[in-house]
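See structure below.
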Amino acid sequence: MNIAAAVIEGMRSELDTSYQVMGVGIAVPGLVNRGDGVVRHAPHLGWRDEPIARMLGEATGYPCHAANDASLGAEGELLFGAGAGQRNLIFLNGGASGIGGGIIADGELLRGTSGYAGELGHTFVRSTGKPCHCGAAGCLETEVSQSSLFELAGIGGGDAGELEQALRRNSSEAVGAEVARQLEYLGIALRNAVNIFNPEAIVLDGFLGVLHALSPGTLDSSLRSQAMDGPAGQVKIYRAALGSDLMMIGAAELAFAQFLADPAGALAALPLSKVDYVY
Numbered sequence: 149m150n151i152a153a154a155v156i157e158g159m160r161s162e163l164d165t166s167y168q169v170m171g172v173g174i175a176v177p178g179l180v181n182r183g184d185g186v187v188r189h190a191p192h193l194g195w196r197d198e199p200i201a202r203m204l205g206e207a208t209g210y211p212c213h214a215a216n217d218a219s220l221g222a223e224g225e226l227l228f229g230a231g232a233g234q235r236n237l238i239f240l241n242g243g244a245s246g247i248g249g250g251i252i253a254d255g256e257l258l259r260g261t262s263g264y265a266g267e268l269g270h271t272f273v274r275s276t277g278k279p280c281h282c283g284a285a286g287c288l289e290t291e292v293s294q295s296s297l298f299e300l301a302g303i304g305g306g307d308a309g310e311l312e313q314a315l316r317r318n319s320s321e322a323v324g325a326e327v328a329r330q331l332e333y334l335g336i337a338l339r340n341a342v343n344i345f346n347p348e349a350i351v352l353d354g355f356l357g358v359l360h361a362l363s364p365g366t367l368d369s370s371l372r373s374q375a376m377d378g379p380a381g382q383v384k385i386y387r388a389a390l391g392s393d394l395m396m397i398g399a400a401e402l403a404f405a406q407f408l409a410d411p412a413g414a415l416a417a418l419p420l421s422k423v424d425y426v427y
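Just so we're aligned, residue 149 is where the sequence shown starts under my numbering, counting upward by one.
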């Protein structure tokens, strides 16, 4: 927390004094209770029941708000990216921590009872699948994974762009077979989501966007052949547009939304030293 607080203070010191920091948004790859900002479980970070929002708020003096990273990504793409202008959207992000999802229904993020809705990475896609850290087996993120693609591409890691370049350079049968296999299981998950939520857009980020770019017609064909005619005929698949800034934009929007909802209350929550120049 002290390191994060120091980074935030350093960034604040570089801002023009006419700008006011209203809060801090935190994007977490895990289950986050949106009501209290407690991270219930983030397995790849080793966190369980961590009050991240409260801890960072105490360290910085700013109001802090935490939410699932993919949910924030969905809102970011809806407002500023590939989903702009849409009202019903499914967002999936694939990265080192697995696969996360966010669902936009009638222009609003679908949160569920505690903010845990959208965990599309844990939808069931294979009856003989691998065990998942969630306790189940055959989850989407156990069958569709970034690590196996990096291994086949012959690189130790990198971002989505580097992965895509490496896979395009490697024309081996093994790479082609693995890409096809992962697209098959991703198609199963998307079919289920399309039948349930009837979106007009699906936005894929991270290595999922790479898979779609490597074989752009595969997922569309999968939906047309497997999903119900009505919803399948209405949906389009897009690659996320905001790149590496996506989660940062979503987190910033999370913090700013609190101010828009209650401007007076948001200002009152700031220490006097942080609002003494606000008129």
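Idealized CB from N, CA, C, for every residue including glycine.
Asked                                                                                                     : Found
Residues that Pro279 bridges to, as DSSP identifies them                                                  : Ala285
Proximity below 8 Å, CB of Gly277 to CB of Glu291                                                         : yes
Status (buried if at least 16 other CB within 10 Å, exposed otherwise) for Asp424                         : Below a pLDDT of 50, predicted positions are generally treated as unreliable, and Asp424, at 40, falls in that range; the measurement from the model is reported next regardless. Answer is exposed; the Cβ neighbour count stays below 16.
Buried or exposed by the 16-neighbour rule on C-beta atoms within 10 Å, applied to Leu402                 : buried
Beta-carbon gap between Ala201 and Gly250 smaller than 8 Å                                                : no
Three-pair Cβ contact test at 8 Å for the stretch 292-305 versus the stretch 316-327                      : yes
Euclidean distance between Cα positions of Tyr427 and Pro379                                              : Note that Tyr427 scores 33 on pLDDT, short of 50, meaning its location in the model is unreliable; the coordinates nonetheless yield the value given after this. About 50 Å.
Alpha carbon of Leu315 to alpha carbon of Ala301, nearest angstrom                                        : 5 Å
Cβ-Cβ distance between His189 and Pro177 below 8 Å                                                        : no
Meets three-Cβ-pair contact criterion under 8 Å: the stretch 384-396 and the stretch 205-214              : no
Environment of Gln168 [buried if 16+ CB atoms lie within 10 Å]                                            : exposed
Span of the beta strand (DSSP E) around Tyr386                                                            : 384-387
Buried versus exposed call for His281 [16 or more other C-beta atoms within 10 Å across all chains shown] : exposed
Reduced DSSP secondary structure (H/G/I, E/B, other) of Glu162                                            : coil
DSSP state of Asn346 mapped onto helix, strand, coil                                                      : coil
Residue range of the unbroken alpha helix (DSSP H) whose run includes His360                              : 355-362
Residues that DSSP places opposite His189 in a beta bridge                                                : Leu179, Arg196
Backbone CA spacing between Phe404 and Ala232 [nearest angstrom]                                          : 18 Å
Gly413 versus Trp195: straight-line alpha-carbon distance, rounded                                        : 31 Å
Environment of Glu256 [buried if 16+ CB atoms lie within 10 Å]                                            : exposed
C-alpha distance - Gly229 paired with Arg329, whole-angstrom precision                                    : 28 Å
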